[in-house]
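One structure below.
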Amino acid sequence: MNLRKYIKVYKKFLHTSLASELEYKTNILVDLITAILSLVGSIFLLSIFFQNNGYIGGWKFEEALIIQAIYTILNGITNTWFNPNLTEIVKHIREGTLDFVLLKPIDSQFFISLKKINPSGFLEIMLGFLLLFLCIRINQINLNLSFLTLSSITLSCSIFILYSLWFFISTTTIWFVKTWNAIEVLRSFLYIGRFPLNSFSFSLRIFFSVFIPIAFITTIPSEVFLGLSVLWKILLEVIVAALFLITSRKFWLFAIKFYSSASS
Amino acid sequence: MISNLIKRKIFTLLKVQYSNMLEYRVEIALWAISGIIPFFMLNIWTNNNLNESINISDALLSRYFLCAFFVRQFSVVWVVFSFEEDSLMGKVSPYLIQPLNPFFRYFAQHLAEQITRFPFALIIAFFFFIFNPESIWIPNLVILLLSIVSTFLSFLIQFLIQSIVACLCFWTEKASSIERLLFIPTLFLSGLLAPVVSFPAYVKSWIYLTPFPYLIDFPANLLSGNETNISGGLSMQILWIFLLFPLFKKIWSEGTKKYTAMGS
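Keeping their order, the protein sequence lines are chains A and B. Residues in the first sequence are numbered from 0 upward in steps of one, following numbering that gives the first Met the number 0. Residues in the second sequence are numbered from 0 upward in steps of one, following numbering that gives the first Met the number 0.
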């Protein structure tokens, strides 16, 4: 019953935000070109790294391309859902409109995380999958059932971790009001997800797997694709994802206790 | 008399904007931190011994990336985002009545932000030297002055390009997506992620004709003591400014004619 209500509400969300976004059609085209150029740029950068070396951190060029593909998919998801919604929290709090969200007879986290959608991100997701299929052919990966389940488990865990990171940072707005730039910091950290974790020095590797688990987001799913992953790594990713989701939820409920609306 | 007036205007603008910026110190500190991508790139380069193939020693390469970080810090431009917001909100109308081109206001904003950012950039550089003590160097005074000039010129080029894009707001409502598109070549070709010397020959043959390498690569090479053509670089920077300025004036006068205020 409850679930059905949320699905119904989400359909309405989709309808309204798609209708408003599709008004800017050229904008979507420009965003698509941006996504393509961005992918070309990163492959160009990668090719510079591999110019005179066969391996970077133990990864061949064709293998490192898988990481690019997964990064592009995740970036597309970020641009479709996380970016338009979670940057809105900042606005809600500055302008005091969070009151209206909290008053609605619906879960506030659900409302805040899924209200908007940016259709140009879809194109980026498709671009990422296109590259991924190309990589599967280049690397001659056999598609079978266990591989498909493992890769979809790890990919969805990555999405959960990514979402929780974004949601965490945006939630801190309740105290600091303007965390626009904190999101920029997260974005620049996420940038290293474009490269295999092993290509970084030991201290950075520790930092990016313990404090900000960016390592889990792209490297582990890519290892699954290459058949290199060990079971404990996948289990670890599942645990980390669950931990992050639960804490981000708890953190939100904790944070809204401190929310005092704009003029009180 | 007239020069005195202009001086007073500029001084007042700067003072107002500086106090404005000081209010958001944390914002600016976070923004400074979000610019540390060059350090991650440096980590990949040195950790995989990629610099051997382009004949740059570890110390010189780390200096290069530190300088790239600095140049980027003092040439960040966001005028299109401010202008887009102002023009969507109808704030441009009162600015247009004033006997001062609104872009002076944005220009003062950027300069004030750079002054606020300076101490944070120094702190980040200090930490950088703690981790990389072998890269400490003292550039001589002439080089330091020249690189400050070329960083400022790089800032001017980017400010002009973005102002031209911002003027497109008079025709379309979302000019910032065009800026995001232009940012991609800036990111990959300016030398922020990899020095231009390391680029493959087929790119190097035409890249020096574009403004990109003069945005970060040239000032960073100059400051870090890497090999570069000083007079050639500076004259190219000035040439680009001379090319872009009339274009901006043209598009500005066309745009203001086209402008219709909210509700008219």
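Idealized CB from N, CA, C, for every residue including glycine.
DSSP places I55(A) in the strand class (E or B) of the three-state scheme.
Among the residues facing chain A, T209(B) is not included, as its CB has no counterpart in that chain under 9 Å away. The continuous alpha helix (DSSP H) containing V78(B) extends over residues 78-88.
Taking a C-beta distance under 9 Å as the contact criterion, L38(A) and N138(A) do not qualify as a contact pair. Pairing I160(A) with V239(A) gives a Cβ-Cβ distance under 9 Å. At least 9 Å separates the CB of N220(B) from every CB of chain A.
Under the Cβ criterion (8 Å, minimum of three pairs), the segment 108-121 of chain A counts as touching the segment 72-91 of chain A.
Around C156(A), the same chain offers E236, V237, A240 as residues with beta carbons nearer than 7 Å, after the five sequence neighbours per side are excluded. The segment 113-133 of chain A makes contact with the segment 72-82 of chain A: 3 or more CB pairs, one atom from each, lie closer than 8 Å. Close to P199(B), with beta-carbon spacing below 9 Å, are these residues of chain A in chain order: F43, S46, I47, Q50. Nearest CB-CB separation between L21(B) and chain A: not below the 9 Å threshold. The contact set of F187(B) on chain A, defined by CB atoms closer than 7 Å, consists of G40, F43, L44 in chain order. Measuring C-alpha to C-alpha distances from S107(A) to each of A181(A), R248(A), F257(A) identifies R248(A) as the nearest.
Here M88(B) is exposed: its Cβ has fewer than 16 other Cβ atoms, across all protein chains shown, within 10 Å. A Cβ-Cβ separation of about 25 Å leaves N19(B) out of contact with A124(B) under the 8 Å criterion.
Boundaries of the alpha helix (DSSP H) harbouring G232(B): 229-257, taken from the DSSP string. With its beta carbon less than 9 Å from one in chain A, L192(B) belongs to the interface.
Counting every other CB atom within 10 Å of its CB across the protein chains shown gives P220(A) a total of 16 or more, marking it as buried.
In the pairwise beta carbon analysis, the segment 56-66 of chain B is classified as touching the segment 211-230 of chain B: at least three pairs are separated by under 8 Å.
No residue range can be given for R193(A), since it is assigned to no alpha helix (DSSP H) and is classified by DSSP as neither H nor E.
Collapsing the DSSP output to three states places S56(B) in coil. Contact between the segment 38-53 of chain B and the segment 45-52 of chain A is present, with at least three C-beta pairs closer than 8 Å.
Restricting attention to H14(A), I182(A), G40(A), Y23(A), the CA atom closest to the CA of L181(B) is found in G40(A). The CB of K173(B) comes closer than 8 Å to the CB of Y23, N26 in chain A, given here in chain order. Scanning the segment 134-188 of chain B for uninterrupted beta strand (DSSP E) segments of 3 residues or longer gives nothing; none is fully contained.
Following the DSSP letters along the chain, one finds T86(A) inside the alpha helix (DSSP H) bounded by residues 82-94. Beta-carbon to beta-carbon, L159(B) and F244(B) are separated by about 6 Å, close enough to satisfy the 8 Å threshold. Using a Cβ-Cβ cut-off of 9 Å, E83(B) is close to nothing in chain A; its nearest Cβ partner there is about 12 Å away.
When the alpha-carbon of Q113(B) is set against those of I240(B), V70(B), S81(B), F130(B), the nearest one is in V70(B). For the segment 108-125 of chain A, the beta-carbon criterion of a distance under 8 Å to any beta-carbon of chain B is satisfied by none of its residues.
An exposed status is given to Y5(A), since fewer than 16 other beta-carbon atoms sit within 10 Å of its beta-carbon. When DSSP assignments are scanned along the segment 97-128 of chain A, the uninterrupted stretches of alpha helix (DSSP H) that are 4 or more residues long and fall wholly within it turn out to be 97-102, 107-113.
Annotated three-state conformation of E183(A) is helix, per DSSP. With a threshold of 9 Å between beta carbons, R186(A) makes contact with chain B.
Taking a Cβ-Cβ cut-off of 8 Å, the neighbours of L203(A) in chain B comprise F39, N42, given in sequence order. Judged by their CB atoms, T209(B) and L188(B) are nearer to each other than the 9 Å cut-off.
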